[in-house]
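Numbering (the working numbering), first residue to last: 33 to 360. Reviewing the structure listed below.
The following block contains the structure:
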């Protein structure tokens, strides 16, 4: 069983390839050639939580499990399996896997729905995920300017300096409203419970990727902005109905009829091409399917290049008949 570290994942999964992989995977999802299982959570009295999500695509299926405690850290792991034999193939450290595939999902949505000449990105949030989002937007659009706001002045100044060193015109904004002014692409990547941008600050022709919340009582966007949007897109409506607070706190039963899935946009892009003139909201909660799509590629590359390390775990070769019933 192959073990792949955070460094292995970062080196083997360039953002441009991740976006192409998700495009292929969501096209397969649109024709029922892929599966996604929404996230489940186990909450302990101590405040610790265990989260799991799964998916299947092509030759692989797998699950990501991660634990966290609000006063401590979050630990991500992903296990990849062979779809034909159910044999475990690889164990991943999965923090970078999550960052890259989350960025790639937003990049894919932006490639389909953001203005073609969008050159200014507003980042609301300046952490680990925000960097992955910017990487993705730079792949799909001619980004020259980055405007950054987060609660920490030090953090937004640091990210602005990194962007400037990468050749971008970067600005650490004093407010969220200042950051989004003039931006054709807005990314919200925060831990906020309440909205971090005001509806009136967002102009027509703006593409928004809201990726920071996957909890039913947390949101980054106000209800008024959700109502103004001409197009609402979810990576999965089934999962969004469980944990997308941005939509759950704004939409009633009829409102949910306005939400389309990313797989539909991928499979029939011409149907949504006109939407770039209005406000588009892509709500990403993160799917197990996305992890499988990305991990399968990383595993194959690692095997091809002889990377990773073998775990000292004895897993018997698959036999034609198992000793145990499948129901166990």
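Glycine included, C-beta positions come from ideal geometry on N, C-alpha and C. As the structure is a prediction and not an experimental result, all values here were calculated from the model.
Taking C-beta to C-beta, are residue i and residue j nearer than 8 angstroms?
i, j, result
"residue 16", "residue 274", "Residue 16 is absent from the model: the chain starts at 33 and stops at 360."
"residue 291", "residue 311", "no"
"residue 294", "residue 251", "no"
"residue 33", "residue 123", "yes"
"residue 111", "residue 94", "yes"
Between the alpha carbons of residue i and residue j, how many angstroms are there, rounded?
i, j, result
"residue 65", "residue 91", "11 angstroms"
"residue 340", "residue 119", "18 angstroms"
"residue 52", "residue 184", "34 angstroms"
"residue 240", "residue 344", "45 angstroms"
"residue 38", "residue 54", "20 angstroms"
"residue 315", "residue 159", "18 angstroms"
"residue 286", "residue 257", "17 angstroms"
"residue 354", "residue 76", "Residue confidence is low: residue 354 scores 44 on pLDDT, short of 50, so the model does not pin down where it sits. Its coordinate-derived value is still stated next. Those two C-alpha atoms are separated by around 35 angstroms."
"residue 129", "residue 82", "18 angstroms"
"residue 379", "residue 169", "Residue numbering for the chain in the displayed model covers 33 to 360; residue 379 lies beyond these limits and cannot be assessed."
"residue 126", "residue 325", "13 angstroms"
"residue 313", "residue 204", "24 angstroms"
"residue 266", "residue 255", "16 angstroms"
"residue 121", "residue 233", "48 angstroms"
"residue 317", "residue 134", "9 angstroms"
Pop quiz: residue i and residue j are said to be a contact at Cβ under 8 angstroms. What is the actual Cβ separation, rounded to whole angstroms?
i, j, result
"residue 231", "residue 260", "6 angstroms"
"residue 137", "residue 332", "At roughly 20 angstroms, the Cβ-Cβ gap does not stay under 8 angstroms, so residue 137 and residue 332 are not in contact."
In the DSSP assignment, what residue or residues form a beta bridge with residue i?
i, result
"residue 181", "156"
"residue 96", "85 and 110"
"residue 258", "Residue 258 pairs with nothing; no bridge assigned."
"residue 69", "86"
"residue 166", "BP columns for residue 166 are empty, so no partner."
"residue 120", "113"
8 angstroms is my cut-off, CB to CB: does residue i come that close to chain D?
i, result
"residue 34", "This model lacks chain D altogether; it includes just one protein chain."
Contact between the segment 215 to 224 and the segment 164 to 172 (3+ Cβ pairs under 8 angstroms): yes
The segment 285 to 302 in contact with the segment 143 to 160 per 3-pair CB rule at 8 angstroms: yes
Inter-stretch contact at 8 angstroms, needing at least 3 Cβ pairs: the segment 148 to 155 / the segment 177 to 191: yes
At least 3 beta-carbon pairs within less than 8 angstroms: the segment 209 to 216 vs the segment 116 to 132: no
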